[in-house]
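The opening residue of the sequence shown carries number 2 in my numbering; numbering runs sequentially from there.
Each residue gets a CB set at the ideal place from its N, CA and C atoms; glycine is no exception.
Only one structure is covered here, and it is reproduced in the block below.
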Amino acid sequence: MEVRKEGGKYGISLESYIDRIADKFGLGDAKFAKTPMEDGFIKTREDSPPLKTNTQYRSLVGALLYVAVCARPDIAASVSILGRSVCAPTEADWVAAKRVVRYLKGTKDWQLRYGDPEGKLVGYADADWAGDLKSRKSTTGTVFMYAGGAISWTSRLQDFVTLSSMESEYVALSEASQEAVWLLKLFEDFGEPSFKPVTLWEDNQSCIKFVSSERTTKRSRHIETRQCFVKELCDAGVLKLLYCSTEEMAADLLTKALGQIKLRKFAGMVGLTGGDR
Numbered sequence: 002m003e004v005r006k007e008g009g010k011y012g013i014s015l016e017s018y019i020d021r022i023a024d025k026f027g028l029g030d031a032k033f034a035k036t037p038m039e040d041g042f043i044k045t046r047e048d049s050p051p052l053k054t055n056t057q058y059r060s061l062v063g064a065l066l067y068v069a070v071c072a073r074p075d076i077a078a079s080v081s082i083l084g085r086s087v088c089a090p091t092e093a094d095w096v097a098a099k100r101v102v103r104y105l106k107g108t109k110d111w112q113l114r115y116g117d118p119e120g121k122l123v124g125y126a127d128a129d130w131a132g133d134l135k136s137r138k139s140t141t142g143t144v145f146m147y148a149g150g151a152i153s154w155t156s157r158l159q160d161f162v163t164l165s166s167m168e169s170e171y172v173a174l175s176e177a178s179q180e181a182v183w184l185l186k187l188f189e190d191f192g193e194p195s196f197k198p199v200t201l202w203e204d205n206q207s208c209i210k211f212v213s214s215e216r217t218t219k220r221s222r223h224i225e226t227r228q229c230f231v232k233e234l235c236d237a238g239v240l241k242l243l244y245c246s247t248e249e250m251a252a253d254l255l256t257k258a259l260g261q262i263k264l265r266k267f268a269g270m271v272g273l274t275g276g277d278r
C-alpha cells in the first residue's frame with residue numbers, strides 16, 4: 002500500500018499491488034476497461050459453461066478482494082458478485098474477473114483522499130432489491146465517510162429474501178446502523194470527540210417513515226427487531242436519518258454494476274480521485 006501526503010491531504014493507493022496482479026495473470030499489457038463490471042453480467046453468466054478448474058479463479062478473486070477491502074470501494078460490488086461463484090465458476094465469471102483487473106490497470110493511480118478539516122462522520126445505506134437472479138436476495142451497500150474519504154464500506158448479499166424494495170432498504174439501513182455504532186466506539190477508543198448524531202443518508206422515504214412508525218404489519222413483522230433497533234438509536238441521538246435522492250446516493254456504488262458516468266460520480270463522492278479526474 003502506498004501512502005502519500007500532498008498539501009495537507011493524505012492519499013492511499015495500491016498501485017504496485019495492482020501491477021503485480023496484472024502481471025501474474027497475464028494482463029500487464031491488456032486493454033483498459035472503463036468499468037469494473039459490465040451491466041447485465043449476472044444474466045450473462047447463467048448461460049455460460051463451467052470452468053474446467055477453479056484454482057486460478059479463486060486466486061484472482063482473493064487478490065481482488067484485498068484491493069476492494071483496503072482502498073478501492075469502486076470494485077467492491079463487482080468482487081462481491083464474483084465471490085458468489087468461487088465454488089462453481091463459469092467461463093463468463095473468469096472473463097468478468099479479468100475485466101476488473103483491466104479496469105484497475107487503467108485507474109491504478111486512483112487514491113482514497115483524506116483531509117477535510119470538518120472531520121464529520123457520515124454514512125450512506127442502499128440496497129439493490131432482488132438483484133441476485135438465482136436466489137432473488139438483495140445486495141446491501143453501505144459506506145461511511147470521515148475527513149472527506151471513505152473509511153468503512155461493504156457490499157454483501159443479504160441473508161434472506163425480502164418481499165419489497167422498502168424491506169431490502171431497511172435491512173441495509175439496520176446493517177449500516179450497526180456499523181455506525183461500532184465506528185463511534187472505535188473513535189471513542191482513539192480519544193476522538195463524539196460524532197453523535199451520525200448522519201445516515203437513505204434514498205427510500207418509506208424506509209425512513211417506517212423507523213418512526215409505532216405499528217407493524219404482517220408484511221413487516223419479520224423485520225420488527227431491526228425497526229426497533231434503528232428507532233432506538235435515533236431516539237437516543239446516536240443516529241440522524243436524512244433523505245437524499247437516488248442520484249446522490251453514494252452507496253449505490255456498492256450495490257451493483259454501474260455505467261461509467263455514475264461509477265465515476267459516486268467514486269468521487271467517496272473520496273476516490275485519480276490523475277484523470
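task: Quickly, what does DSSP pair S156 with across the bridge? List them, please.
output: G142
- prompt: Three-state secondary structure (DSSP) at V199?
  reply: strand
- request: Could you say if the stretch 147-158 and the stretch 116-134 meet the contact criterion of at least three C-beta pairs nearer than 8 angstroms?
  value: yes
field: Given S165 as reference, the closest of A128, S178, K232 and L83 once Cα atoms are compared
entry: A128
query: Alpha carbon to alpha carbon, how far is I262 from R103?
result: Each residue's alpha carbon lies about 18 angstroms from the other.
field: Close-in-space but distant-in-sequence residues of the same chain around S169 (CB under 7 angstroms, 5 per side omitted)
entry: A128, W130, S139, Q159 and T163
- request: Name the one or two DSSP bridge partners that K128 has.
  value: According to the sequence displayed, residue 128 carries Ala and not Lys. According to DSSP, which records beta bridges pairwise, A128 is partnered with T141.
Pairwise C-alpha distance: Q228 and F211: Cα to Cα, F211 sits roughly 7 angstroms from Q228.
message: Under 8 angstroms: do the stretch 71-81 and the stretch 252-260 share three or more Cβ pairs, one atom per stretch?
response: yes
task: My understanding is that P50 touches T91, with C-beta atoms under 8 angstroms, so please give their C-beta distance in whole angstroms.
output: 6 angstroms
- prompt: For C208 versus M270, is the C-beta distance shorter than 9 angstroms?
  reply: Cβ atoms of C208 and M270: not closer than 9 angstroms.
- request: Grab the span of the beta strand (DSSP E) containing R85 for me, first residue to last.
  value: From DSSP, R85 is part of no beta strand (DSSP E); its letter is neither H nor E.
task: Please report how far the alpha carbon of K53 lies from the alpha carbon of K32, in whole angstroms.
output: 25 angstroms
field: Pairwise C-alpha distance: W183 and R265
entry: 29 angstroms
message: I need the straight-line Cα distance from L113 to Y171, nearest angstrom please.
response: 28 angstroms
field: Where F267 sits in the DSSP three-state scheme
entry: Helix, per DSSP.
- request: Would you kindly work out how many angstroms separate the C-alpha atoms of Y18 and S213, rounded to a whole number?
  value: 46 angstroms
query: Considering only residues of the same chain and omitting the five flanking positions on each side of R46, which have a CB-CB separation below 8 angstroms?
result: S86, T91, A93, D94 and A97
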